[in-house]
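Undergrad: Take this structure, written in C-alpha cells, and hold onto it; I'll ask about it next.
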Amino acid sequence: MSELRYDPILGEYALIAPERLRRPDCYEERRNHKRKKRRACPFCEGKESLTPPEIFALRDNEPDTPGWKTRVVPNLYKAVKIEEPCRKSEEGIYTKWQGFGAHEVIIDTPRHLLRMDEWSFEEYFNWLFTMRARLNDLKNDLRLVHISLFKNHGHYAASTQPHPHTQLIALPDTPARELGQIRSEHRYFKEHGCSVYETVIRAEQKEKSRIVSESESFIALCPYASAFAFETVIYAKKAVSDLGRFDDEALKELAGILKKTVSSLYLQLGDFDFNITLNTPPLQKNFTTEAFFDDIPQIRRFGLRIVPRLFRLGGFELGSGIPINPLMPEEAASLLRES
Ligand SMILES: [Zn+2]
Numbered sequence: 138m139s140e141l142r143y144d145p146i147l148g149e150y151a152l153i154a155p156e157r158l159r160r161p162d163c164y165e166e167r168r169n170h171k172r173k174k175r176r177a178c179p180f181c182e183g184k185e186s187l188t189p190p191e192i193f194a195l196r197d198n199e200p201d202t203p204g205w206k207t208r209v210v211p212n213l214y215k216a217v218k219i220e221e222p223c224r225k226s227e228e229g230i231y232t233k234w235q236g237f238g239a240h241e242v243i244i245d246t247p248r249h250l251l252r253m254d255e256w257s258f259e260e261y262f263n264w265l266f267t268m269r270a271r272l273n274d275l276k277n278d279l280r281l282v283h284i285s286l287f288k289n290h291g292h293y294a295a296s297t298q299p300h301p302h303t304q305l306i307a308l309p310d311t312p313a314r315e316l317g318q319i320r321s322e323h324r325y326f327k328e329h330g331c332s333v334y335e336t337v338i339r340a341e342q343k344e345k346s347r348i349v350s351e352s353e354s355f356i357a358l359c360p361y362a363s364a365f366a367f368e369t370v371i372y373a374k375k376a377v378s379d380l381g382r383f384d385d386e387a388l389k390e391l392a393g394i395l396k397k398t399v400s401s402l403y404l405q406l407g408d409f410d411f412n413i414t415l416n417t418p419p420l421q422k423n424f425t426t427e428a429f430f431d432d433i434p435q436i437r438r439f440g441l442r443i444v445p446r447l448f449r450l451g452g453f454e455l456g457s458g459i460p461i462n463p464l465m466p467e468e469a470a471s472l473l474r475e476s
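Under this note's numbering, the residue at position 74 of the sequence shown is numbered 211, and the numbers go up by one with no gaps.
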C-alpha cells in the first residue's frame, strides 16, 4: 500500500509507492533501453482484456472491445488507489495520507509506437477531449484536491511503456510546489490587480523573441527563465483557468497550436524524449486553499508545458532547485519558429 508522506523539513510530500517497482522494465538494463523486447502491448487495439475495465472511452460500441479512439483505464501499477480510505494520520512526529487518490492511464490512440508529430489533428483533439472529460468527472469527487495530468515519452522521461499514453494522478492535498506557485500568483493579483499570466503574455507579445507561435486564444513561447533547453509552454490568452473549462471550439484551436509546436520540436530535435505537464489549480476549497480559492478564475491561466529531456539533472539542480539550462530561450524560440 502506498503512502503520501509529508516531510516537515522540506515542507513537501513524497509519494512512497512500492507497487510501482513491479512495472515492466523497471529494472531493465539501462544501456539496452532502446532495444525493448516486444511483448504483447496491453494498450493496443484488440488487447483490451489485458487492462483493467475501462473508466472512459471515445467509442460508439461496447466497452473493453476494439473500435475506440482513446481509452482510460486504472493504472495497473497504481501509486494511489480510489478504494483506500481518504484519511490523514500521524506516525510519531510525522503525518501521512494512506495511499488514497486516483491513478489512471489515458491510452492516447490505438496506434502503437506513434511519434507525437505523426498524430493527426483528430488524435490531438481526442486526447485533449479525453483529458477534459476525466478532469471534469474527477472534480465531482470532493475528496480530491489536486490533479496532475502528465505524459512521459521515452526512457529519459521515465516512460516504461512505448505505446502513446498519458497519466493522471489525483491526490487529497495540494503539493507544496503548486501551493507556492498559486500563492505567488495570488499575491501578484492583489498587488497589481491583474493576473501575472496577463502581464507575461503582454510583455512577450511586445518583445517577440521568445514567441514560437500564436493563435487567437493561445500563445506558445519559450519561457524567459526556461529550466530546460527547448522548454515550451502554451498559455491561454483569455481568462480560462484549466482544461476542464474549454469548449470544443477552444479544444480544436489548442489541438492546432499544439500539433504545430510538437512538429517544430521534432524538426529541431529528431526523435526526442519529453514530458508534458498540464497546469491544473486546486480543485476544492479547504483549509489550505481557502485564502485564494475564489480568485482562481482571475489569477490562474491554463498552461501546457513541454519539457524535452535532452540532459540529465545533476547534484546542483537537486540540491539548489535551480536548473542549469545550456540554451538561451530566445535561441530555442528562433529555431522553433524557423522549423
Ligand atoms: Zn501498443
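Glycine included, each C-beta is placed from N, C-alpha and C at the ideal position.
Model, not experiment: these values are computed from the prediction.
Hey, A387 and S354 are a contact pair by Cβ (cut 8 Å); roughly how many whole angstroms apart?
TA: One-based indexing of the sequence shown puts residue 387 at position 250. One-based indexing of the sequence shown puts residue 354 at position 217. Yes, A387 and S354 are in contact; Cβ-Cβ is about 6 Å, under 8 Å.
Undergrad: So, are the CB atoms of I428 and R347 less than 7 Å apart?
TA: For the purposes of this step, residue 428 is identified with residue 291 of the sequence shown, where counting begins at 1. For the purposes of this step, residue 347 is identified with residue 210 of the sequence shown, where counting begins at 1. Note that residue 428 is Ala in the sequence shown, not Ile. Not in contact: A428 and R347 (Cβ atoms no closer than 7 Å).
Undergrad: Between E341, L415 and Y361, which lies nearest to L464 when the distance is taken from Cα to Cα?
TA: Within the sequence shown, numbered from 1, the residue matching residue 464 stands at position 327. Minimum Cα distance to L464 is reached at Y361.
Undergrad: Are the beta-carbon atoms of F411 and I433 separated by less than 7 Å?
TA: Walking along the sequence shown from the start, residue 411 turns up at place 274. Walking along the sequence shown from the start, residue 433 turns up at place 296. Not closer than 7 Å, so no.
Undergrad: I'd like to know whether the C-beta atoms of S321 and P466 end up nearer to each other than 7 Å.
TA: Stepping through the sequence shown from its first residue, residue 321 is reached at position 184. Stepping through the sequence shown from its first residue, residue 466 is reached at position 329. It is not a contact, given that the beta carbons lie outside the stated cut-off.
Undergrad: With a threshold of 16 other CB atoms inside 10 Å of the CB of T369, please say whether the residue is buried or exposed.
TA: Taking the first residue of the sequence shown as position 1, residue 369 is located at position 232. Label assigned to T369: buried.
Undergrad: Between E191 and chain C, is any beta-carbon pair separated by less than 7 Å?
TA: Absent from the structure: chain C. Only one protein chain is present.
Undergrad: Between L358, S332 and C223, which has its C-alpha nearest K343's C-alpha?
TA: In the sequence shown, the residue the question calls residue 343 occupies position 206. Measuring from the Cα of K343, the nearest candidate turns out to be L358.
Undergrad: On a Cα-Cα basis, can you pick out the residue from L195, F424, S401 and K215 that is closest to L265?
TA: What you label residue 265 is simply residue 128 of the sequence shown in a count that begins at 1. Residue L195 is the option with its Cα nearest to L265.
Undergrad: List the whole-angstrom C-beta distance separating K288 from I394, where the pair is believed to meet the contact cut-off of C-beta under 8 Å.
TA: In the sequence shown, the residue the question calls residue 288 occupies position 151. In the sequence shown, the residue the question calls residue 394 occupies position 257. About 17 Å separates the two Cβ atoms, so there is no contact after all.
Undergrad: Which residues does DSSP pair with W205 in a beta bridge?
TA: Position 68 of the sequence shown, counted from the first residue, corresponds to residue 205. The partner list for W205 (beta bridge, DSSP) reads R196.
Undergrad: Is P419 closer than 7 Å to S378 when the C-beta atoms are compared?
TA: In the sequence shown, residue 378 corresponds to position 241, counting from 1. In the sequence shown, residue 419 corresponds to position 282, counting from 1. No; because the gap between Cβ atoms is not below 7 Å, this pair is not in contact.
Undergrad: Taking Q298 as part of the alpha helix (DSSP H), name the residues at either end of that continuous run.
TA: What you label residue 298 is simply residue 161 of the sequence shown in a count that begins at 1. From DSSP, Q298 is part of no alpha helix (DSSP H); its letter is neither H nor E.
Undergrad: Could you have a look at Y164 and say whether DSSP puts it in helix, strand or coil?
TA: Here residue 164 refers to the residue found at position 27 of the sequence shown. Confidence in Y164 is poor, its pLDDT being 47 and thus under 50, which makes the residue's placement too unreliable to answer from.
Undergrad: Thinking just about the alpha-carbon of each residue, which of G458, I436, Q435 and K396 is nearest to the one in L473?
TA: Translated into the one-based positions of the sequence shown, residue 473 becomes position 336. Among G458, I436, Q435 and K396, the Cα nearest to that of L473 is on K396.
Undergrad: Give the DSSP bridge partners of L395, in chain order.
TA: Residue 395 sits at position 258 when you count from the first residue of the sequence shown. Per DSSP, none; premise fails for L395.
Undergrad: In the DSSP output, what is P211 paired with across the bridge?
TA: Here residue 211 refers to the residue found at position 74 when the sequence shown is read from its first residue. Bridge partners of P211: E241.
Undergrad: Using 8 Å for Cβ pairs, my map puts G104 next to A313. What's the rounded Cβ distance?
TA: Residue 104 cannot be examined here, being either before or after the span of the chain that is shown, 138 to 476.
Undergrad: Evaluate C163 with the Cβ neighbour count: other Cβ atoms within 10 Å of its Cβ, from every protein chain shown; 16 or more gives buried, anything less gives exposed.
TA: Translated into the one-based positions of the sequence shown, residue 163 becomes position 26. Residue placement at C163 is poorly supported in this model, since its pLDDT is 49, which falls under 50; the coordinates still yield a value, given next. Exposed, by the Cβ-count rule.
Undergrad: So what's I371 in DSSP terms, helix, strand or just coil?
TA: Here residue 371 corresponds to residue number 234 of the sequence shown, with the count starting at 1. Note: I371 maps to strand in three-state DSSP.
Undergrad: Tell me whether the beta-carbon of S401 lies closer than 7 Å to the beta-carbon of S352.
TA: As a position in the sequence shown, residue 401 is number 264, starting the count at 1. As a position in the sequence shown, residue 352 is number 215, starting the count at 1. The answer is no: Cβ separation not under 7 Å.
Undergrad: Between which two residues does the alpha helix (DSSP H) carrying E182 extend?
TA: The residue labelled residue 182 in the question sits at position 45 within the sequence shown. First-last for E182: undefined, no H or E at that position.
Undergrad: Between D245 and H292, is the Cβ-Cβ spacing less than 7 Å?
TA: Taking the first residue of the sequence shown as 1, we reach residue 245 at position 108. Taking the first residue of the sequence shown as 1, we reach residue 292 at position 155. Not a contact, by the Cβ cut-off of 7 Å.
Undergrad: Going by Cα to Cα distance, which pick from L455, V210, F193 and K215 is closest to E156?
TA: To locate residue 156, count along the sequence shown from 1; it is residue 19. If we check each option's Cα against that of E156, K215 comes out closest.
Undergrad: Pick out whichever of R224, V217 and E259 has its Cα sitting closest to the Cα of V242.
TA: Within the sequence shown, residue 242 is the residue found at index 105, counting from 1. The residue with the shortest Cα to Cα distance from V242 is V217.
Undergrad: In chain order, what residues of the same chain have a beta carbon less than 6 Å from the beta carbon of F430, not counting five sequence neighbours either side?
TA: Locating residue 430 in the sequence shown gives position 293, counting from the first residue. So the qualifying residues of the chain are K422.
Undergrad: Any heavy atom of ligand 1 closer than 6 Å to the beta-carbon of C178?
TA: By 1-based counting over the sequence shown, the position of residue 178 is 41. Yes; taking the cut-off as 6 Å, the Cβ of C178 has a heavy atom of ligand 1 nearer than that.
Undergrad: Among the residues of its own chain, which have a CB less than 6 Å from the CB of L152, if the five just before and after it don't count?
TA: Here residue 152 refers to the residue found at position 15 of the sequence shown. Counting only Cβ-Cβ distances below 6 Å, and skipping sequence neighbours, we find L141 and A216.
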